[in-house]
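Visitor:
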Amino acid sequence: MTPADSLRALLDGPDAEIRNTVRAWLSEPGNAAVVDLPREQHRAQVLAWAKELAQAGGTAIGYPVEYGGEGEVGRSIAAFETLAFGDLSLLVKCGVQFGLFGGAVLHLGTAKHHQRHLRAIARLELPGCFAMTETDHGSNVQALGTTATYDHEAGEFVVNTPDAGARKDYIGNAARDGRMAAVFAQLIVGGEARGVHALLVPLRDDDGNPLRGVEIEDCGPKLGLDGVDNGRIAFHDVRVPRDALLDRYAQVREDGTYFSPIENPTKRFFVMLGTLIQGRVSICGASITASKVALDLAVRHALARRQFGPPGGDEVLLMDYRTHQRRLLPALATTYGLHFAQERLVARLHEVFTADDVPDRKRRELETLAAGLKAVASWHATETIQSCREACGGAGYLRVNRFAALKADTDVFTTFEGDNTVLLQLAAKNLLTDHRDQFGELDPLGVATFFAGQVIGTIAERTAVRKVLTGLAADLLPGRDDGGELLDREVQLRLLRWRQEHILQGVARRLKGGIDSGREPFDVLLDCQDHVVSAARAWVDLVVLEAFAAAVERCDDPGLRPILDRLCSLYALSRVEAERGWYQEHGRLTAAHSKAAIKAVNALCAALRPDAGLLVEGFGVPAPAQSAAPALEHAA
Ligand SMILES: Cc1cc2nc3c(=O)[nH]c(=O)nc-3n(C[C@H](O)[C@H](O)[C@H](O)COP(=O)(O)OP(=O)(O)OC[C@H]3O[C@@H](n4cnc5c(N)ncnc54)[C@H](O)[C@@H]3O)c2cc1C
Numbered sequence: 024m025t026p027a028d029s030l031r032a033l034l035d036g037p038d039a040e041i042r043n044t045v046r047a048w049l050s051e052p053g054n055a056a057v058v059d060l061p062r063e064q065h066r067a068q069v070l071a072w073a074k075e076l077a078q079a080g081g082t083a084i085g086y087p088v089e090y091g092g093e094g095e096v097g098r099s100i101a102a103f104e105t106l107a108f109g110d111l112s113l114l115v116k117c118g119v120q121f122g123l124f125g126g127a128v129l130h131l132g133t134a135k136h137h138q139r140h141l142r143a144i145a146r147l148e149l150p151g152c153f154a155m156t157e158t159d160h161g162s163n164v165q166a167l168g169t170t171a172t173y174d175h176e177a178g179e180f181v182v183n184t185p186d187a188g189a190r191k192d193y194i195g196n197a198a199r200d201g202r203m204a205a206v207f208a209q210l211i212v213g214g215e216a217r218g219v220h221a222l223l224v225p226l227r228d229d230d231g232n233p234l235r236g237v238e239i240e241d242c243g244p245k246l247g248l249d250g251v252d253n254g255r256i257a258f259h260d261v262r263v264p265r266d267a268l269l270d271r272y273a274q275v276r277e278d279g280t281y282f283s284p285i286e287n288p289t290k291r292f293f294v295m296l297g298t299l300i301q302g303r304v305s306i307c308g309a310s311i312t313a314s315k316v317a318l319d320l321a322v323r324h325a326l327a328r329r330q331f332g333p334p335g336g337d338e339v340l341l342m343d344y345r346t347h348q349r350r351l352l353p354a355l356a357t358t359y360g361l362h363f364a365q366e367r368l369v370a371r372l373h374e375v376f377t378a379d380d381v382p383d384r385k386r387r388e389l390e391t392l393a394a395g396l397k398a399v400a401s402w403h404a405t406e407t408i409q410s411c412r413e414a415c416g417g418a419g420y421l422r423v424n425r426f427a428a429l430k431a432d433t434d435v436f437t438t439f440e441g442d443n444t445v446l447l448q449l450a451a452k453n454l455l456t457d458h459r460d461q462f463g464e465l466d467p468l469g470v471a472t473f474f475a476g477q478v479i480g481t482i483a484e485r486t487a488v489r490k491v492l493t494g495l496a497a498d499l500l501p502g503r504d505d506g507g508e509l510l511d512r513e514v515q516l517r518l519l520r521w522r523q524e525h526i527l528q529g530v531a532r533r534l535k536g537g538i539d540s541g542r543e544p545f546d547v548l549l550d551c552q553d554h555v556v557s558a559a560r561a562w563v564d565l566v567v568l569e570a571f572a573a574a575v576e577r578c579d580d581p582g583l584r585p586i587l588d589r590l591c592s593l594y595a596l597s598r599v600e601a602e603r604g605w606y607q608e609h610g611r612l613t614a615a616h617s618k619a620a621i622k623a624v625n626a627l628c629a630a631l632r633p634d635a636g637l638l639v640e641g642f643g644v645p646a647p648a649q650s651a652a653p654a655l656e657h658a659a
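If you read the sequence shown in the working numbering, its first letter stands for residue 24, the second for the next number, and so on.
1) Do you know how far the Cα of Ala623 is from the Cα of Gly80?
2) Mind checking Gln11: buried by the 16 CB within 10 Å criterion, or exposed?
3) Are there 16 or more other CB atoms within 10 angstroms of the CB of Gly641, so buried, or fewer, so exposed?
4) Under three-state DSSP, which class holds Ile41?
5) Considering only residues of the same chain and omitting the five flanking positions on each side of Ala171, which have a CB-CB separation below 6 angstroms?
6) Have a look at the DSSP bridge pairing and note the partners of Thr312.
7) Helix, strand or coil: how does DSSP classify Asn196 here?
8) Under a Cβ-count criterion, where at least 16 other Cβ atoms within 10 Å of its own Cβ denotes burial, should Gly463 be classed as buried or exposed?
9) If we call anything under 9 angstroms between Cβ atoms a contact, is Gln515 one with Leu612?
10) Should the stretch 529-546 be called in touch with the stretch 321-330, which here means at least 3 C-beta pairs below 8 angstroms?
11) Count the other CB atoms, across all protein chains shown, that sit within 10 Å of the CB of Tyr594; report buried if there are 16 or more and exposed otherwise.
12) For ligand 1, any of its heavy atoms closer than 8 angstroms to the Cβ of Ala370?
13) Inspect the beta-carbon positions of Ser29 and Pro645 and report whether they are closer than 9 angstroms.
14) So does Glu440 have its beta carbon nearer than 8 angstroms to some heavy atom of ligand 1?
15) Just curious, the alpha helix (DSSP H) that Gln138 is in, first and last residue?
16) Comparing C-alpha positions only, which one of Ala102, Gly279, Trp72 and Met155 sits nearest to Leu147?
17) May I ask you to report which of helix, strand or coil DSSP gives Ile100?
18) Hey, Ala154 and Ile194 are a contact pair by Cβ (cut 8 angstroms); roughly how many whole angstroms apart?
19) Measuring straight from C-alpha to C-alpha, what distance separates Thr25 and Leu299?
20) Are the CB atoms of Arg66 and Gly250 nearer to each other than 9 angstroms?
21) Would you report the Cα separation of Leu111 and Leu248, rounded to the nearest angstrom?
22) Does Arg542 pass the burial test, meaning 16 or more other C-beta atoms within 10 Å, or should it be called exposed?
23) Leaving out five residues on either side along the sequence, give the residues of the same chain with a beta carbon under 6 angstroms from the beta carbon of Gly302.
24) Does the Cβ-Cβ distance between Phe426 and Ala317 come in under 9 angstroms?
25) Count the other C-beta atoms from every protein chain shown that fall within 10 angstroms of the C-beta of Asp35, then say buried if there are 16 or more, exposed otherwise.
26) Measure the Cβ-Cβ separation of Ile256 and Glu238 and say whether it is below 9 angstroms.
27) Does the count of Cβ pairs from the stretch 226-241 and the stretch 263-281 closer than 8 angstroms reach three?
28) Taking the alpha-carbon positions, what's the Thr312 to Ala531 distance?
29) In the DSSP output, which residue or residues are listed as bridge partners for Tyr173?
30) For Gly125, which residues from the same chain have a beta carbon less than 6 angstroms from its beta carbon, with the 5 sequence-adjacent residues on both sides left out?
31) CA-CA distance, Arg2 and Val119?
32) Can you find the residues in the same chain that come closer than 8 angstroms, C-beta to C-beta, to Pro467, ignoring five residues on each side of it along the sequence?
33) For Asp192, which of Arg387, Gly213 and Thr156 has the nearest alpha-carbon?
34) How about Cys628: is its Cβ closer than 8 angstroms to a heavy atom in ligand 1?
35) Taking Glu600 as the reference, which of Ser617, Leu368 and His130 has the closest Cα?
36) Using the three-state DSSP reduction, which class does Asp432 fall into: helix, strand or coil?
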């Protein structure tokens with residue numbers, strides 16, 4: 024086994040087989056990401072690819088065995104992550120059809136819906152939409168305006184878009200291909216509003232014409248994802264039968280009464296949304312894959328292209344410049360760290376979605392991790408793709424070299440499947456309590472009402488832990504200014520842990536102080552919102568380091584382990600370096616130690632420079648994705 028094979032085996036983990044199957048498909052002629060097709064042709068190509076994958080059975084891996092799937096949630100995410108090496112419109116089209124639409128039917132529906140639709144969805148014989156967002160409301164789903172009013176006499180729901188702001192917007196698969204939609208609407212039964220529920224509404228007939236009462240519009244040109252047909256949908260007295268309601272968590276009975284086993288409407292709403300978390304986890308993985316593609320291109324370029332050099336000597340490889348190393352190697356280290364953290368996230372997702380009985384605590388932990396990691400991974404992709412584009416100079420700007428599509432197509436990863444800033448607030452809220460069931464409100468701004476009560480107890484319990492951590496941190500770098508201890512993994516973990524605990528403490532104190540002084544909880548939260556978001560961000564840094572450190576520990580290849588160990592230190596210390604002002608403000612790093620952190624990052628970059636090629640080779644970016652870069656020097 025070559026070192027690159029060994030590294031790839033470590034990264035691919037137990038799902039290597041499905042990852043290699045997807046890589047092989049992407050390497051086949053005609054399956055590489057398209058570079059410059061007119062929009063309608065791109066959409067047609069994406070649909071044809073998606074159908075091919077569906078007919079081959081590759082899109083039902085996560086569905087139950089009885090509906091032609093394999094019941095392998097983790098493996099289905101591994102396949103999706105790998106598909107992100109290719110055309111990202113195809114990825115998102117698949118995400119909408121098999122993940123979002125299929126996921127809503129699977130997780131919110133019951134046996135009758137599964138029997139009727141799941142096979143057809145998995146084979147793309149029933150193209151569908153996930154119609155949640157409206158023009159006036161995206162992040163705030165509880166405020167949606169679409170209504171589904173039960174007409175007991177007819178035994179039907181009447182679906183309506185009351186005003187232009189309530190039309191469904193940005194909906195994937197709507198503009199061209201969708202035949203049905205899982206529509207999220209305010210359910211009204213017997214005149215009583217029951218909150219947001221999902222129901223299946225047919226959109227088009229067999230010839231592709233919108234059905235009576237359904238108005239569909241194309242969203243038009245977008246920043247990227249040209250191959251996905253996003254559209255707007257409005258409903259005018261559209262009638263669907265009673266069993267169109269996806270009724271796993273709430274039913275309308277034959278006698279016209281509403282019933283839900285979850286009495287608290289807010290809790291019910293969040294339980295329903297919680298079942299749809301797979302899309303968020305998938306986009307997190309796709310963000311990491313996109314970062315790998317960008318780094319693969321930029322590092323290979325840097326190992327082939329020479330510019331300038333000492334007087335009279337040869338020109339020097341870009342990779343030998345310190346600034347170039349600093350642009351690429353910390354991003355490479357972070358990508359590895361996120362990869363290992365994503366592995367943990369997917370393992371938890373698989374566990375939660377395949378176990379019979381999962382405690383609420385486990386579901387909440389999954390939700391927190393998915394929210395935090397998705398936000399950080401998608402922001403990381405955006406930054407990394409830009410750095411890598413610049414690192415390739417003018418060649419990086421040519422569409423043929425993929426950065427244009429990578430930038431444009433991944434940009435929206437920071438927004439859909441939950442806006443990142445909103446997600447970090449959700450993660451912070453979960454971190455601040457273990458008693459979610461007692462909340463009145465869970466929307467990010469309503470969190471303040473909760474902070475007034477429960478959090479305080481939780482924080483008091485944490486105080487003991489904090490004292491220990493404070494002590495450790497104070498002694499963190501005893502008496503030495505050379506920063507040698509910074510390479511100690513325990514020291515790195517303590518630094519990140521101390522920061523996370525300290526920020527969380529600070530947030531709780533400020534919230535409690537504000538509320539105790541009689542101010543409106545909403546106003547108090549507004550004042551602390553940036554602090555709340557930092558708490559979640561700091562927590563993700565720690566989670567990533569923990570996952571990375573554990574991966575180094577389990578690497579039993581004696582050649583690879585020291586490389587991964589250095590890479591892990593580079594991740595940790597580049598986070599410390601980025602926050603060194605904060606650490607100094609809080610008396611946790613002296614000026615000398617802060618400088619030592621900068622020196623250590625430089626030294627690690629130099630030490631890892633010989634392994635840069637190996638580290639991107641381990642990603643296993645399939646050949647067409649690389650050879651689609653003929654203007655970059657390595658791609659002969
Ligand atoms: C290409 C594309 C495809 C999509 N596909 C689908 C789909 O198939 N189905 C579907 O249902 N939806 C889809 N969406 C919609 C997407 O999920 C929403 O755009 C997203 O949830 C954000 O909602 P919004 O656009 O209303 O933004 P807003 O919620 O209005 O957010 C705008 C800004 O305000 C900030 N903000 C909002 N609330 C707060 C707060 N409480 N505190 C601080 N800041 C806040 C956000 O951080 C953000 O920067 C798609 C969108 C796009 C662009």
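Every residue, glycine too, gets a C-beta built ideally from N, C-alpha and C. Note that the coordinates shown come from a computational prediction; the quantities given were computed from them, not determined experimentally.
Guide: Considering the structure as presented:
1) 49 angstroms
2) As displayed, the chain neither begins before 24 nor continues past 659, which places residue 11 out of reach and without an answer.
3) Classification of Gly641: buried, given that the 10 Å Cβ count is 16 or more.
4) Helix at Ile41.
5) Phe180, Val182, Ala208, Leu210 and Leu222
6) Beta-bridge pairing links Thr312 to no other residue.
7) Look at Asn196 here: in three-state DSSP terms it is coil, with no helix or strand label.
8) Confidence is the limiting factor: at Gly463 the pLDDT is only 37, short of 50, which leaves the residue's position unreliable and the question unanswerable from this model.
9) no
10) no
11) buried
12) no
13) no
14) yes
15) That residue, Gln138, is in no alpha helix (DSSP H); it is neither H nor E in DSSP.
16) Trp72
17) Residue state for Ile100 is assigned as helix, using DSSP reduced to three classes.
18) 5 angstroms
19) 40 angstroms
20) yes
21) 7 angstroms
22) exposed
23) Gly122, Leu123 and Glu440
24) For the 9 angstroms CB-CB criterion, Phe426 and Ala317 form a contact.
25) buried
26) The Cβ-Cβ distance between Ile256 and Glu238 falls below 9 angstroms.
27) no
28) 35 angstroms
29) Phe180
30) Ile144
31) With the chain covering 24 to 659 only, the question about residue 2 has no answer from this structure.
32) The pLDDT assigned to Pro467 is 47, lower than 50, so where the model puts this residue is not dependable; a value taken from the coordinates is nonetheless given after this. The residues are Ser162, Val445, Gln448, Leu449 and Lys452.
33) Thr156
34) no
35) Closest by alpha carbon: Ser617.
36) helix
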